[in-house]
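Residue numbers for the sequence shown follow UniProt numbering, beginning at 1 and rising by one.
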Amino acid sequence: MSIFTHVTVGTNDLQKARDFYDKVLGALGQKRLADLDDNGSIWGQDAPSFFVLKPANGAPASLGNGVTVSFEAPDRAAIDAFHAAALANGGTDEGAPGPRGWAPNAYAAYARDLDGNKLAAYCFKPAL
Numbered sequence: 001m002s003i004f005t006h007v008t009v010g011t012n013d014l015q016k017a018r019d020f021y022d023k024v025l026g027a028l029g030q031k032r033l034a035d036l037d038d039n040g041s042i043w044g045q046d047a048p049s050f051f052v053l054k055p056a057n058g059a060p061a062s063l064g065n066g067v068t069v070s071f072e073a074p075d076r077a078a079i080d081a082f083h084a085a086a087l088a089n090g091g092t093d094e095g096a097p098g099p100r101g102w103a104p105n106a107y108a109a110y111a112r113d114l115d116g117n118k119l120a121a122y123c124f125k126p127a128l
């Protein structure tokens, strides 16, 4: 059983966020499942798992200091593609693809989206 039903980040430019996440999450095998009119969108594989929304209180979206949203990747190539897509679509580098020594076979990459939300993709499968 998963411990989360979904994760949400805020955005100040929904159309740019939709374009960014279509490409970045597409590299991990995720797709946009629904648009919530002008309020946000939802991505996942078979069920909603990642939401990008305009804040419900009408205030600008802001970052959570110390918050990272990490996505599971099917393999190391998907992590490389995730990172490349993030940078090619206006994201910023927060950690190039490569091994992470804190867990066996950990391979990851980090980037920030257009609103500054910190993202990661991880795979724990051994290199082929």
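Ideal Cβ placement from N, Cα and C applies to all residues, glycine included. Fair warning: this is a prediction, and the values are worked out from it, not measured in the lab.
Where A108 is concerned, the enclosing beta strand (DSSP E) starts and stops at 107-112. Under DSSP, Y122 takes part in a beta bridge, and its partners are E72, A108.
When the five nearest sequence neighbours on each side are left out, the beta carbons in the same chain lying within less than 8 Å of the beta carbon of G26 are those of A85, in order along the chain.
Under DSSP, G44 forms a beta bridge with K31, P48.
Residue nearest to L128 within the set R76, S70, K23, R100 is R76 (criterion: CA-CA distance).
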